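Numbering-wise, UniProt numbering puts 65 at position 65 of the sequence shown, and it's gapless, one number per residue.
Every residue, glycine too, gets a C-beta built ideally from N, C-alpha and C.
If you're wondering where the values come from, they're calculated on a predicted model, not measured in any experiment.
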Amino acid sequence: MMFTATAVTEQPNVWLRYFKTINWDKIAGTLIDKVLSLLFFSILFLALYRLGQFGINRTFKSYQRRAHLSGTRVKTIHALSRNLFFYFVLFFYFYAILSTLDVPVGTLLAGAGVAGLAIGFGAQGFVNDVVTGFFILLEAQFDVGDVVQLGKISGTVTSLGLRTTVVKSYDGTVNFIPNRNITIVSNLSRSNMQVLIKLPLEPTVDLGLVRKTIEQVNANLVPKFTTITEGPDILGLTEEKNGTFTYQVLFYAENGEQLSLQRTFLAAYIAALTSAGIHVITPPINLQSGS
């Protein structure tokens, strides 16, 4: 009974001696120092983030006014820059926090590097898409609404992002193209388009009457179309590769208007030539199927 009472008495004494050996002043000082450091870094990086975002916003507004770039491209690059800056600040903020808490950041980064290497191989296609998309935006290779040909796909760009580009073909097909697959860009919307009209005629035709008839059509129609930027130039009779002859008229039009103008002027030329007694040759139709 005496042994049990002594053991019970000595056990609290051990805990009391242990607590007395703890330097509570040092712990309190260290805790206050850590809290103040965390508070300092939080305020510092928040101020840096706000200042950086303000600078990015002002830079892009000024750049858009000077360069007169499309709103879609500027907004996309602007959002990308803001996100990159956010993650840049966030990385160094957590680095400072972990260092303040005496966490072995070097060991964590080494482990994360191995994991990141494995993830990187799996996400290689995604990274290629983003990098290619960034340079497409930066170099202004095309914008939403442009008529383009990307490899075998041609149509109108309906969406332009960092990972994919969406092109709507002329038949209504919507194509989702990963940016890494875009190697050659043919932009059909950056300059005036050529309109070449060919009228198949006999080489013995009265060329003077043909020219006079075409000039009369041009005098009546050209003032009605403000989309014509240059011409029309009457090139005259030209021999084709198959041995036939065509009377050619060339002019340039705003992008997207070339097909409509070609149909309108071709129909007017044929009608006027026919009325003048000039026969326009109809190409023969081959009804034989290839073997």
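Inter-residue Cα distance where the pair is residue i and residue j
| i | j | result |
| --- | --- | --- |
| V89 | F45 | 7 Å |
| I228 | F86 | 49 Å |
| T238 | S81 | 55 Å |
| F134 | I77 | 7 Å |
| F60 | I27 | 49 Å |
| V147 | M193 | 12 Å |
| S260 | D171 | 17 Å |
| residue 340 | A276 | Not covered by the structure: residue 340. The range shown for the chain is 1 to 291. |
| V157 | G145 | 5 Å |
| F54 | F225 | 47 Å |
| S62 | S191 | 26 Å |
| V195 | L51 | 53 Å |
| A271 | I234 | 17 Å |
| F40 | K34 | 10 Å |
| G155 | N175 | 9 Å |
| V167 | A79 | 22 Å |
| R58 | E257 | 38 Å |
Proximity to residue i [Cα-Cα], best of the options
| i | options | result |
| --- | --- | --- |
| S169 | K152, Q216, P178 and L31 | K152 |
| A43 | I27, I97, L196 and R58 | Checking the sequence, you will find Ile at residue 43 rather than Ala. Considering only alpha carbons, the answer is I97. |
| P203 | L36, G236, V222 and F91 | G236 |
| S37 | R58, F54 and S99 | S99 |
| F126 | N175, N179, V167 and P223 | N179 |
| L137 | L39, Y95, I182 and A267 | I182 |
| E254 | K241, T244, I234 and E230 | E230 |
| Y269 | N57, L221 and E257 | L221 |
| T30 | A79, F91, D102 and Y93 | D102 |
| N128 | F142, N57 and I177 | I177 |
| A47 | Y93, T132, P223 and A79 | Y93 |
| L273 | L201, S154 and Q258 | L201 |
| F91 | I56, T132, V131 and Y49 | Y49 |
Beta-ladder partner(s) of residue i, from DSSP
| i | result |
| --- | --- |
| V195 | F251 |
| G236 | Q248 |
| L160 | T165 |
| I228 | A253 |
| F94 | The partner list for F94 (beta bridge, DSSP) is empty, contrary to what the question assumes. |
| P104 | Beta-bridge pairing links P104 to no other residue. |
| V174 | K168 |
| S189 | BP columns for S189 are empty, so no partner. |
| P200 | T246 |
Neighbour flag for residue i against chain C, beta carbons, 8 Å
| i | result |
| --- | --- |
| T246 | Reference to chain C is not applicable here, since this structure consists of a single protein chain. |
Residue i: CB within 7 Å of a non-hydrogen atom of the ligand FMN
| i | result |
| --- | --- |
| L207 | Of ligands this structure carries none, so the ligand FMN is not represented either. |
Go through the stretch 238–280 residue by residue and report every complete run of the beta strand (DSSP E) that reaches 3 residues or more, in order.
Given a length threshold of 3 residues, each whole run of the beta strand (DSSP E) inside the stretch 238–280 is given here in chain order: 245–253.
What residue ranges within the stretch 118–156 form continuous beta strand (DSSP E) runs of no fewer than 3 residues, ordered along the chain?
The stretch 118–156 contains these whole beta strand (DSSP E) runs: 147–150.
Pair every Cβ in the stretch 156–168 with every Cβ in the stretch 215–232, then say whether three or more of these pairs are closer than 8 Å.
Contact fails: fewer than three Cβ-Cβ distances are below 8 Å.
Three or more beta-carbon pairs under 8 Å between the stretch 176–188 and the stretch 240–248, yes or no?
The stretch 176–188 and the stretch 240–248 do not touch, with fewer than 3 CB-CB distances between them shorter than 8 Å.
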